[in-house]
Amino acid sequence: MLTLQCPYCGVQCDETELTAGGEAHLTRHGPGSDADTFEQYLFLRENPRGVHFERWRHSHGCGKWFHAARSTTTLRVFGTYKAQTTEPPQQIRDAISAVHPGWSWRNFGETA
Amino acid sequence: MSLRLSTGGRLIDRATPVSFRFNGRHLKGVKGDTLASALLANDQMLMGRSFKYHRPRGVMAAGPEEPNALMGVGRGERFEPNQRATQQPLTGGLTAQSQNHWPSLEFDVGAINARLSRFLPAGFYYKTFLFPRPAWKHVFEPVIRQSAGLGRPPEGPDPDRYEHFNVNVDIAIVGGGIAGLQAALIAGRAGKTVLLMEQTAQWGGRAPVDGDLIDGGPAQAWIDAAVADLAAMENVQMRRETMGAGVYDHGYLLAHETLSHGVPEGPRQRLWRIRAGHIVTATGAIERPIPFAGNDVPGVMLASALRDFVVNYGVAPGKRTVIATNNDDAYRTALAVLDAGLSVPLIVDARPEVTGALPEQVRARGVRVDAGTAIAKVKGGKRVEGVAICAQDGEGAVTEEVACDAVAMSGGWSPVPHLWSHCGGKNTWDAAQAHFAPDPDRAPTGADGTAFVTAVGAAAGTLQGDVALGSATARLAALLDVSADAPAVEVAAEAPLAACWMMPARASYELRSKMFLDFQNDVKVSDVQLAAQEGFVSVEHTKRYTTLGMATDQGKLSNINGLAILAQELGEEIPNVGTTTFRPPYAPISMASIAGEARGEIFQPLRRTPMHDWHEAHGATWEPVGHWRRPYAFPRSGESVHDAVQREVTNTRQNVGLLDASTLGKIIVKGPDAARFVDMLYTNLMSTLKPGKCRYGLMCNENGFLVDDGVVARLDEDTFLCHTTTGGADRIHAHMEEWLQTEWWDWKVFTLNATEQFAQIAVVGPKARDLLHSLGGMDLSKDALPFMGWADGTIAGIPARVFRISFSGELSFEVAVPANRGRALWDKLVEAGEALGVMPYGTEALHIMRAEKGFIMIGDETDGTVIPQDLGLDWAISKKKDDFIGKRGQQRSFLAADDRWRLVGLETLDGSVLPDGAYAVAEGTNANGQRNMQGRVTSSYHSPTLGRGIAMALVERGPDRIGEVVNFAMTDGSEVPARICSPVFFDPNGEKQDV
Amino acid sequence: MFDVHTALDGASFDGAIRVAELTGQGMIALRGDLGDATLRDAVSALTGHDIPAPLHAAWSGEVTTVWMSPDELLILLSYADAAGAARDLQGKLAGIHALVHDMSDARSLFRLTGPALRDTLAKLTPADVSPAGLPVGMARRTRLAQVPGAFFLRDAQTADLVCFRSVARYVFDLLKTAADPAGRVGYFEGFPEP
């Protein structure tokens with residue numbers, strides 16, 4: 001039973017106050033995209049053992065969507081941040097680097 | 001024989017007798033007894049039968065680790081199986097029954113299994129019931145089912161109440177022994193909010209029984225003072241009879257409180273859902289049995305349990321107690337037994353030399369202590385009659401027999417690591433104490449990556465009172481960054497134990513096959529050895545193969561002994577074999593406590609419309625839609641539901657009907673970019689809709705599949721009101737917010753789910769306008785409010801918004817009024833409509849009328865794999881828009897294939913009603929030998945309007961096959977032919993609705 | 001208005017706490033940029049007080065404003081005034097991007113009173129309802145058993161609790177069960193108020 005802090009209202013949410021929304025930082029591809037790109041957008045997801053970026057909604061609360069960076073193995077939370085971004089903020093990346101030097105996730109990560 | 005002693009018993013009140021019944025017999029105990037101690041006081045040594053061999057069993061322990069004394073407690077609806085007699089407080093009138101025997105506890109037919117034990121080895125089921133395969137169904141399974149299971153379920157619904165309680169605390173401490181109390185004192189003084197839990201009814205744990213001196217006085221005095229100090233701290237909460245059941249991610253702790261002594265009409269159990277900044281496990285340790293032949297005969301028990309019974313309850317399992325041990329602690333039992341005036345004829349100590357202070361103290365009282373010896377065998381069946389002695393370092397040649405009626409055994413102590421381990425805490429093998437103990441460097445870690453559980457006291461492997469308090473103090477002080485002093489504890493120094501996994505060390509097979517590891521599941525040393533010989537090297541596999549540790553006690557007594565035997569047999573070190581996984585709950589908790597308050601009327605939220613009470617009063621039968629209850633039909637006295645539905649349809653088509661449409665979703669979308677946004681949400685071009693007008697729209701997901709539909713009304717230039725399906729309101733509102741917040745966050749749009757603000761009533765039928773006009777208010781003539789228009793005004797003095805839309809094909813007005821005034825409008829419509837023949841109708845009549853018109857229903861014609869094009873709704877898909885949610889998805893090649901199943905109507909040749917979901921069969925079979933299919937029925941009704949069965953179906957290339965007859969398979973193997981037709985059965989030109 | 005019926009017509013229950021549905025209660029939902037000066041002025045003119053801080057409620061006279069999210073307020077006022085006040089507010093905000101709607105009928109409001117207030121809430125919500133976690137004036141939107149709900153404390157022994165109208169009966173029954181005097185917990189009653 002996770003707890004995550006909502007970056008909008010500041011509440012330390014109980015998992016039962018949240019709704020999970022799958023992987024974060026997907027780029028939408030609409031009409032005109034080729035089949036491979038569309039498949040990537042619609043179906044292909046990371047399944048990492050370790051650092052992961054996810055979407056959550058504070059559904060039993062302020063109703064806002066936010067992103068969380070956490071480890072799927074230790075459940076350590078590196079931080080939560082607002083959803084109006086296409087990439088994790090530097091502060092979050094730094095928090096991950098402090099624990100997992102050399103981490104990478106999709107096209108994000110430490111440039112070795 | 002077991003007996004009540006004339007003195008002693010710190011927890012009992014001898015002056016207050018308590019009557020109870022055991023297996024139908026009336027017995028007496030005293031206040032403060034547990035069921036187990038009261039049974040011992042009545043010389044009831046035999047307390048149950050084991051699961052597999054039905055061997056007679058007595059009480060083995062004095063706490064939650066008890067494997068044998070499981071009882072069915074209570075009667076009728078309050079009967080509870082598998083209650084541990086050692087934890088069951090004795091209350092007046094308590095009724096208990098032993099389990100797992102027939103016809104009686106004393107004479108049990110199932111005991112024949114014990115004689116067959118040679119033929120019931122480890123993995124017996126796996127080996128035996130393989131062949132012949134048909135025997136499984138007709139022979140093996142029925143027989144196994146008869147003999148499987150422990151206890152029987154209660155009869156009737158549970159009459160009691162249960163509840164949850166959510167708290168957030170800085171420090172949650174599980175275990176109210178001296179280490180837990182000391183941890184609470186330190187955390188409390190440091191100003192933390194503290195919740196201290198103890199599973200028994202007493203604070204202090206074992207210290208008062210073991211006779212430690214704390215701060216120069218008896219342990220009890222220190223405990224009383226600590227409890228008083230804690231009670232005075234406003235930031236500390238203390239709960240007894242509350243068991244820490246499980247530790248989960250991010251400091252979540254479940255605890256189970258028993259309120260057996262609470263207010264009778266109050267809740268019986270309370271499940272605590274605790275969010276703790278840090279969890280301290282002070283859960284103590286459990287003594288290990290010693291595997292020797294006959295270690296399960298009633299009268300053999302853990303040395304500590306025997307001591308507990310003597311000191312706490314003033315009962316003893318016998319007058320002559322032989323003690324078998326490999327450590328000094330068991331000598332405390334000898335002292336307690338001697339102090340109670342009972343005799344200890346012999347102490348069998350596996351260690352080659354016995355020179356510690358405690359043994360010397362016992363020797364000084366004239367007790368014979370034989371070093372390097374072992375119990376070869378316990379004599380007796382239903383109770384201990386004596387023991388045969390042999391050398392520990394041998395094969396079991398008997399040197400002597402000693403008469404006794406009780407045997408106390410101690411193989412050393414193991415910390416209770418369950419809560420520590422539930423969420424990933426690791427344990428380290430401590431060879432000196434022969435146990436696994438929590439490794440502070442490998443603690444479970446929380447959200448911030450730091451340890452969130454600390455083990456203290458015996459649970460941390462610090463078994464003796466002095467080191468327990470010392471290390472608990474040091475760990476808490478370090479955790480909280482405060483300074484704290486440990487009280488001085490005087491304890492007798494203990495000499496090291498010698499690991500003893502079997503008595504004697506090289507016992508013969510005959511002896512090994514009588515040495516029990518898991519008492520509840522009857523797993524013996526020989527079983528684990530056999531598993532190892534058969535190639536089971538993983539402790540997890542061995543556990544499942546032999547069922548070691550898989551009983552209701554989850555191996556609390558058997559774990560370490562079992563894996564030591566496995567390690568020995570594999571020639572491995574114990575730490576290399578490792579432990580099995582510890583999973584919550586620590587001890588079983590009731591399903592009812594997990595359900596909490598959710599039962600009866602509040603099992604689930606039931607959503608009610610403003611007119612709900614009227615529907616109920618007028619005999620509505622209900623259709624659940626999400627959490628809503630919608631009237632399905634309003635059968636009249638003596639009328640069947642089917643007839644009522646037919647009547648409601650006919651009346652609506654001929655006169656006027658009322659439908660409670662309040663449950664439809666109503667979402668307001670407003671802002672400068674609202675038009676742009678609804679164009680993305682709907683497949684239609686919504687931005688061209690004029691204020692004052694309505695349009696039917698479709699919503700898809702990114703896959704292109706249809707997920708919701710409804711009428712959109714444009715309220716003004718930048719405001720839309722989007723109606724959704726009843727079940728879709730919350731989902732679609734969330735869908736809108738998701739896109740606005742996470743994709744188009746720069747668009748200026750706000751949404752509001754106003755579903756519950758309005759009561760909505762559909763007034764439907766040729767006389768609908770007359771009815772509404774009779775109430776006074778708005779002009780609803782064809783010119784004032786044309787089809788697919790909406791207008792604001794008042795009706796019967798109530799502010800209303802009227803939508804001229806139709807889901808039935810009839811003249812129809814949907815009237816939205818403030819929810820608090822919905823009932824008033826409904827009442828007025830019913831009253832005024834009497835002369836016009838108004839009748840309410842339910843969801844089934846609604847369904848029939850929409851099906852007669854060929855209108856689709858989300859969830860009937862759609863199943864998450866259907867695109868609007870499959871349903872002939874191409875007209876609602878804008879070709880002018882570059883993009884909408886689902887547009888790209890619909891362009892995928894397989895969705896454009898011409899052999900997709902598409903919507904058609906069906907008319908059975910004989911006029912009958914096809915079963916909903918029936919499949920249309922095709923020629924040939926598929927790769928699995930199943931009949932090929934070419935379509936299925938999505939909606940099917942008897943149409944009173946047409947006087948015959950009508951259906952909608954998705955059929956392969958359906959619209960191209962109008963007129964063709966296809967066969968639908970029935971469950972009885974027969975087939976019903978039906979002709980493919982247009983799905984619009986009634987008024988295909990839509991003339992009735994546009995008048 | 002004799003034909004106005006709240007979900008429970010003002011039902012009440014006296015147990016470990018008193019639970020009463022308030023009738024005559026109006027509500028206005030406002031979505032907009034809460035930092036916008038026009039919006040702040042218009043709201044203050046209506047309510048008579050400043051917009052509350054995040055996660056808080058503010059009140060003066062008969063009007064209360066509850067912070068619902070970074071771009072949403074719920075204004076509690078009398079039912080008779082709500083529709084007109086919503087129209088006025090919408091008019092004042094016509095020039096900015098904001099959504100105002102009379103939601104007086106969409107939700108039910110319960111007044112909870114008594115010393116066992118926090119204990120009763122703790123049986124139903126995972127939110128921290130300790131004096132430190134939920135001081136007077138703080139507002140929490142959270143879960144009440146299986147439905148969404150929101151509450152705030154007006155003083156140490158008085159709370160207002162809001163839920164959707166359709167589940168008013170469920171929430172009332174939940175509160176009745178939780179406030180059964182026989183189920184007293186006595187957990188927060190001894191806690192010091194900060």
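One line per chain: the protein sequences are A, B and C, in this order. Under the UniProt record's numbering, the first residue of the first sequence is numbered 1, with each subsequent residue one higher. Under the UniProt record's numbering, the first residue of the second sequence is numbered 1, with each subsequent residue one higher. Under the UniProt record's numbering, the first residue of the third sequence is numbered 1, with each subsequent residue one higher. Ideal Cβ placement from N, Cα and C applies to all residues, glycine included.
Exposure of residue i, with buried meaning 16 or more beta-carbon neighbours within 10 Å
{"i": "B/Q83", "result": "buried"}
{"i": "B/K127", "result": "exposed"}
{"i": "B/M47", "result": "buried"}
{"i": "B/R636", "result": "exposed"}
{"i": "B/I962", "result": "exposed"}
{"i": "B/N926", "result": "exposed"}
{"i": "B/P818", "result": "buried"}
{"i": "B/R133", "result": "exposed"}
{"i": "B/G318", "result": "buried"}
{"i": "A/T3", "result": "buried"}
{"i": "A/A112", "result": "Any reading at A/A112 is ruled out, since the residue's pLDDT is 48, under 50, leaving its predicted position unreliable."}
Distance CB(residue i)-CB(residue j) smaller than 9 Å
{"i": "B/T580", "j": "B/G549", "result": "yes"}
{"i": "A/G63", "j": "C/E72", "result": "yes"}
{"i": "B/T542", "j": "B/L566", "result": "yes"}
{"i": "B/I668", "j": "B/C722", "result": "yes"}
{"i": "B/S943", "j": "B/F985", "result": "yes"}
{"i": "B/R273", "j": "B/L259", "result": "no"}
{"i": "B/L150", "j": "B/I173", "result": "no"}
{"i": "B/R869", "j": "B/R902", "result": "For the sequence presented, residue 869 of chain B should be read as Gln rather than Arg. Closer than 9 Å, so yes."}
{"i": "B/D212", "j": "B/V491", "result": "yes"}
{"i": "B/A416", "j": "B/A451", "result": "Before going further, note that residue 416 of chain B is Val rather than Ala in the sequence given. Result no, Cβ atoms of B/V416 and B/A451 do not sit closer than 9 Å."}
{"i": "C/V63", "j": "C/L89", "result": "no"}
{"i": "residue 1023 of chain B", "j": "B/R900", "result": "Because residue 1023 of chain B is not part of the residues shown, which for chain B are 1 to 995, the question remains open."}
{"i": "B/V315", "j": "B/F309", "result": "yes"}
For residue i, the three-state DSSP class (helix, strand or coil)
{"i": "C/G91", "result": "helix"}
{"i": "B/Y327", "result": "This sequence places Asn at residue 327 of chain B; Tyr is not what is there. Residue state, collapsed to three classes: coil."}
{"i": "B/F968", "result": "strand"}
{"i": "A/Q5", "result": "strand"}
{"i": "residue 1003 of chain B", "result": "The structure shown does not extend to residue 1003 of chain B, since chain B is modelled only from 1 to 995, so the question has no answer here."}
{"i": "B/G318", "result": "coil"}
{"i": "B/D210", "result": "helix"}
{"i": "residue 1041 of chain B", "result": "No answer is possible for residue 1041 of chain B: the residues shown for chain B start at 1 and end at 995."}
{"i": "C/F188", "result": "coil"}
{"i": "residue 996 of chain B", "result": "What the structure shows of chain B is the stretch from 1 to 995, and residue 996 of chain B is not part of that stretch, so it cannot be assessed."}
Within the stretch 340-427 of chain B, note down every full alpha helix (DSSP H) run reaching 4 residues or more, in order along the chain.
Runs found: 357-364, 418-422.
Segment contact, 8 Å Cβ cut-off, at least three pairs: the stretch 572-590 of chain B with the stretch 119-137 of chain C
With a cut-off of 8 Å, the stretch 119-137 of chain C and the stretch 572-590 of chain B do not count as touching, because too few Cβ pairs lie within range.
Along the chain, which unbroken stretches of the alpha helix (DSSP H) at least 4 residues long are found entirely within the stretch 99-147 of chain C?
The alpha helix (DSSP H) runs of length 4 or more contained entirely in the stretch 99-147 of chain C are, from start to end of the chain, 117-122.
Every unbroken beta strand (DSSP E) inside the stretch 58-91 of chain A [3 residues or more]
Qualifying beta strand (DSSP E) stretches, in chain order: 65-71, 77-82.
Are there three or more Cβ pairs, one per stretch, closer than 8 Å when the stretch 645-664 of chain B is compared with the stretch 836-852 of chain B?
Flag = yes, the stretch 645-664 of chain B and the stretch 836-852 of chain B touch.
Between the stretch 798-815 of chain B and the stretch 748-755 of chain B, do three or more beta carbon pairs fall short of 8 Å?
The stretch 798-815 of chain B makes no contact with the stretch 748-755 of chain B: fewer than 3 CB pairs, one atom from each, lie closer than 8 Å.
Count the CB pairs spanning the stretch 464-479 of chain B and the stretch 293-305 of chain B that are closer than 8 Å, and state whether there are at least three.
Touching, no.
Does the stretch 497-513 of chain B come within contact of the stretch 390-403 of chain B, defined as at least 3 CB pairs closer than 8 Å?
Between the stretch 497-513 of chain B and the stretch 390-403 of chain B, the count of Cβ pairs shorter than 8 Å is three or higher; the stretches touch.
Could you check whether the stretch 66-77 of chain B touches the stretch 153-167 of chain B, counting it as contact only if at least three pairs of C-beta atoms, one from each stretch, sit closer than 8 Å?
Contact between the stretch 66-77 of chain B and the stretch 153-167 of chain B is present, with at least three C-beta pairs closer than 8 Å.
Mind pulling the alpha helix (DSSP H) runs of 4 or more residues that sit fully within the stretch 580-615 of chain B?
List check, alpha helix (DSSP H) in window: 591-595.
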